Amino acid sequence: MCGIIGYKGGDQAVSIVLEGLKTLEYRGYDSWGIAFLDGTGLQVKKNVGKIGNFKGFKALPEANLALGHTRWATHGGVTQSNAHPHLSNNKRIAVAHNGIVENYQALRKRLQAAGYTFHSQTDTETIPLLVEDFLKKGDDFPTAVRHTCLLLEGRYSFIVLDADSGQLIGARNGSPLLAGLGKDEFFLASDIPAFLPHTNQVVFLDDQQLVLIDSALRLFDLRSGKQLPVKPQKISWTPEQAEKGKFPHFMLKEILEQRESVSRALVQDDEQLEKIAQLITRAKQTVLVGCGTAGKMCLAGTYLFAKIAGRQTHFCVGSEFPNFAPFVGPDTLVIAVSQSGETADTLEALSIAKKRGAKVVSLLNVYGSTMMRQSDYNLLINAGPEKAVASTKAATGQLAVLALLAYATAGRLAEGRKALQIASAALARTLDDAQCKRLKALAQKIKAKENLYIIGRGLHYPIALESAIKLQEVSYIHAEGFAGGELKHGPIALIEKRTPCIVLAACDETQAEVLSNAMEVKSRGAYIIGLAPQDNEVFDLHLPVPDLGIASAIAELVPVQLLAYYLAVLRGNDPDKPRNLAKSVTVK
Ligand code: M6R
Numbered sequence: 001m002c003g004i005i006g007y008k009g010g011d012q013a014v015s016i017v018l019e020g021l022k023t024l025e026y027r028g029y030d031s032w033g034i035a036f037l038d039g040t041g042l043q044v045k046k047n048v049g050k051i052g053n054f055k056g057f058k059a060l061p062e063a064n065l066a067l068g069h070t071r072w073a074t075h076g077g078v079t080q081s082n083a084h085p086h087l088s089n090n091k092r093i094a095v096a097h098n099g100i101v102e103n104y105q106a107l108r109k110r111l112q113a114a115g116y117t118f119h120s121q122t123d124t125e126t127i128p129l130l131v132e133d134f135l136k137k138g139d140d141f142p143t144a145v146r147h148t149c150l151l152l153e154g155r156y157s158f159i160v161l162d163a164d165s166g167q168l169i170g171a172r173n174g175s176p177l178l179a180g181l182g183k184d185e186f187f188l189a190s191d192i193p194a195f196l197p198h199t200n201q202v203v204f205l206d207d208q209q210l211v212l213i214d215s216a217l218r219l220f221d222l223r224s225g226k227q228l229p230v231k232p233q234k235i236s237w238t239p240e241q242a243e244k245g246k247f248p249h250f251m252l253k254e255i256l257e258q259r260e261s262v263s264r265a266l267v268q269d270d271e272q273l274e275k276i277a278q279l280i281t282r283a284k285q286t287v288l289v290g291c292g293t294a295g296k297m298c299l300a301g302t303y304l305f306a307k308i309a310g311r312q313t314h315f316c317v318g319s320e321f322p323n324f325a326p327f328v329g330p331d332t333l334v335i336a337v338s339q340s341g342e343t344a345d346t347l348e349a350l351s352i353a354k355k356r357g358a359k360v361v362s363l364l365n366v367y368g369s370t371m372m373r374q375s376d377y378n379l380l381i382n383a384g385p386e387k388a389v390a391s392t393k394a395a396t397g398q399l400a401v402l403a404l405l406a407y408a409t410a411g412r413l414a415e416g417r418k419a420l421q422i423a424s425a426a427l428a429r430t431l432d433d434a435q436c437k438r439l440k441a442l443a444q445k446i447k448a449k450e451n452l453y454i455i456g457r458g459l460h461y462p463i464a465l466e467s468a469i470k471l472q473e474v475s476y477i478h479a480e481g482f483a484g485g486e487l488k489h490g491p492i493a494l495i496e497k498r499t500p501c502i503v504l505a506a507c508d509e510t511q512a513e514v515l516s517n518a519m520e521v522k523s524r525g526a527y528i529i530g531l532a533p534q535d536n537e538v539f540d541l542h543l544p545v546p547d548l549g550i551a552s553a554i555a556e557l558v559p560v561q562l563l564a565y566y567l568a569v570l571r572g573n574d575p576d577k578p579r580n581l582a583k584s585v586t587v588k
């Protein structure tokens, strides 16, 4: 939530920060701003709206020191004065902040009592004013920032620029921040793609660390002030992977990338998989934890473990995990699933689990993420950067790895990998122009509908839930997923004449019953869209999906993602940046 970037080096700081902000926009896009130091002093430019819509880039002067912010509002409305960067009263200090200063009210009162003036309603503005106050009391800039951090409560990361010394500092406590090392230039950002066109040498900060940039980059422990060794790592992502290329939107690019990304997810180290499988077998209970789409994939995981390995596992939404904490102990294994590895609710669950002695395995896409560094074991889904807010290729990657892990738990890893590889090749073949045309035509037909329902049974029930999220977040149509058998217990009252209802009818033990459920809603006037290997008389429209056995669930996700995408475009929505949402939800 919120993207931050800082740069010190050559004289293109403004362009580099503005370009980086465009890359970070998926983290928040209600307003943006930049601060830079040119010959005349500290300059600030802020705007409400998306940075992509701003036309005045060329008019901005260049500098060699700058920081920027793209906002997803928490404290204070979406206004120019609430947009970051925020300045100290003496205009020496500029701050771009991601996260929440939970004790900002107390800090605000204290600063006001000391004579400081606030120009925004944000929690962030306390930071530059505290730094100014510590500087006045005699601290040098790095010490003033460190002392400020020690007063802040909550999860945050921020970048702070000092116009007097020309230094840049990044501080991290719970929200992502990394540094990039170029040739005579340094970067700070919320994520790697923000500076990937310039360097792939990355320093991952841990919580309670501070990085100081002047002529070199130095790392410090926030509490003790002790200097720490800097250990850069080379990242394998390429800049092209993080760009739209020939596609109109990231979402479409990422949906189509599933032709290869599912097979990349299957490239896992056997030893690691078997080690984790052993942990699952030995644990008294295994709990899969995730939020949103990742949560739905966790729920699907419980069906996969039951079906493939005959093993019961549990699912808990990240934000609800604290309510079950008393039942978590050293004999519990927690599997945290997250694309970003930065979701606050999942991170909190992970931290509770660790405190209670549980082992934690993370299933992630972003290398070096907080979850990765806080887990005992990791599996990466290798999907490459996912930039669209709606998760697509990460979801299918998560499902593929969970299936592989279930096979490993059943002691049938080789068989499972082969089956999943065949499935991924078949999926790639069906993700073609004809498929896109069919989904586009369907989107055209139902684009004016207000409600849409999706039903599935067994493993297809979590897929129905995930389908609903996808449709909601980008098309803004009210979509809901149900277990097929649940309709008659209430939701069937929602069905009206021509209400679209997507039926997930794979060739498995759920097929006959879900077709009966389809008949029940059709009798009440619903328009039935069958996602199934074969046509059936109950379908008003048949969308073919390949019969891939257990992997049919993966194949069902893709057409719904495409439908959601085309609906978004036809309804005039931006599928990459849906309203009210941000890609990484780093607040609770
Ligand atoms: O990065 P994570 O996988 O932890 O994110 C979890 C959810 O915020 C995420 O899946 C969200 O639901 C997506 N926008 C759904 O498409």
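Last residue of the sequence shown: 588 in full-length UniProt numbering, with the numbers rising by one and none dropped. Using N, Cα and C, we set each Cβ at its ideal position, and we do this for glycine too. For clarity, every value in this text was computed on a predicted model and none was experimentally measured.
| task | Could you tell me which of W32, I16, A66 sits nearest to G39, measuring between CA atoms? | result | Each of W32, I16, A66 was checked against the Cα of G39, and the nearest Cα belongs to A66.
| query | Hey, would you say K447 sits closer than 8 angstroms to R579, going by beta carbons? | reply | no
| Is H84 helix, strand or coil when you go by DSSP? | coil
| request: Alpha carbon to alpha carbon, how far is C298 from L152? Give it in angstroms, no decimals. | output: 34 angstroms
| request: For R92, count neighbouring C-beta atoms within 10 Å of its own C-beta (all shown protein chains included) and say buried if the count is 16 or more, exposed if not. | output: buried
| query | So, is T238 buried or exposed, given that buried needs 16 or more other C-beta atoms within 10 angstroms? | reply | exposed
| Rounded to a whole number of angstroms, what is the C-alpha to C-alpha distance between Y367 and L399? | 18 angstroms
| query | So what does DSSP say about T238, is it helix, strand or coil? | reply | coil
| field | Helix, strand or coil at R146 according to DSSP, with G and I counted as helix | value | helix
| message | Please report the straight-line C-alpha distance between K445 and S475, rounded to a whole angstrom. | response | 14 angstroms
| message | Let's test the definition: count the other Cβ atoms within 10 Å of the Cβ of S224 and tell me whether it reaches 16, buried, or not, exposed. | response | exposed
| query | By how many angstroms is the C-alpha of I502 removed from the C-alpha of E496? | reply | 14 angstroms
| If we call anything under 8 angstroms between Cβ atoms a contact, is Q534 one with G384? | no
| task | In angstroms with no decimal places, state the Cα-to-Cα distance between A114 and Y104. | result | 15 angstroms
| Where the beta strand (DSSP E) through G33 begins and ends | 31-38
| Run of the alpha helix (DSSP H) containing C436, from where it starts to where it stops | 433-446
| Opening and closing residue of the alpha helix (DSSP H) in which Y26 lies | No alpha helix (DSSP H) holds Y26; DSSP gives it neither H nor E.
| said: Shorter than 7 angstroms, the distance from the beta carbon of G397 to the closest heavy atom of ligand 1, or not? | reply: no
| said: I want to check one thing, is the minimum distance from the CB of L581 to the heavy atoms of ligand 2 below 7 angstroms? | reply: In terms of ligand content, the structure shown lacks ligand 2 and carries ligand 1 instead.
| field | G485 (DSSP reduced to helix, strand or coil) | value | helix
| request: Go to L299, then tell me how far its beta strand (DSSP E) extends in each direction, as first and last residue. | output: Counting along the chain, L299 falls outside any beta strand (DSSP E), though it belongs to the alpha helix (DSSP H) covering 292-309.
| What span of residues does the beta strand (DSSP E) with Y156 cover, start to end? | Per DSSP, Y156 is one residue of the beta strand (DSSP E) stretching across 156-162.
| said: Below 7 angstroms, is the gap between the Cβ of E320 and the nearest heavy atom of ligand 1? | reply: no
| task | Quick one: grab the DSSP three-state call for T122. | result | DSSP, reduced to helix, strand and coil, places T122 outside both helices and strands of the structure shown, so it counts as coil.
| field | Selection from Y29, A441, G33, E25 that minimises the alpha carbon distance to V14 | value | G33
| query | Is the segment 414-434 close to the segment 544-562, with three or more CB pairs under 8 angstroms? | reply | yes
| Hey, out of V538, V360, I528, whose CA is closest to residue 589's CA? | With the chain covering 1 to 588 only, the question about residue 589 has no answer from this structure.
| task | Pull up the CB-CB distance for E132 and N82, whole angstroms please, since I reckon it's below 8 angstroms. | result | Not really, about 19 angstroms apart at Cβ, beyond 8 angstroms.
| What number of angstroms, rounded off, separates the C-alpha of E260 from the C-alpha of D432? | 13 angstroms
| query | Excluding sequence positions up to five away, which residues of its chain have a Cβ less than 7 angstroms from the Cβ of A283? | reply | D331, T332, L333
| Going by the C-beta, is residue 616 closer than 7 angstroms to any heavy atom of ligand 1? | Nothing can be reported for residue 616, as the shown portion of the chain is limited to 1 through 588.
| task | Let me know if G138 comes out buried or exposed under the rule of 16 or more other beta-carbons within 10 Å of its beta-carbon. | result | The residue in question, G138, is exposed, as its Cβ has fewer than 16 Cβ neighbours within 10 Å.
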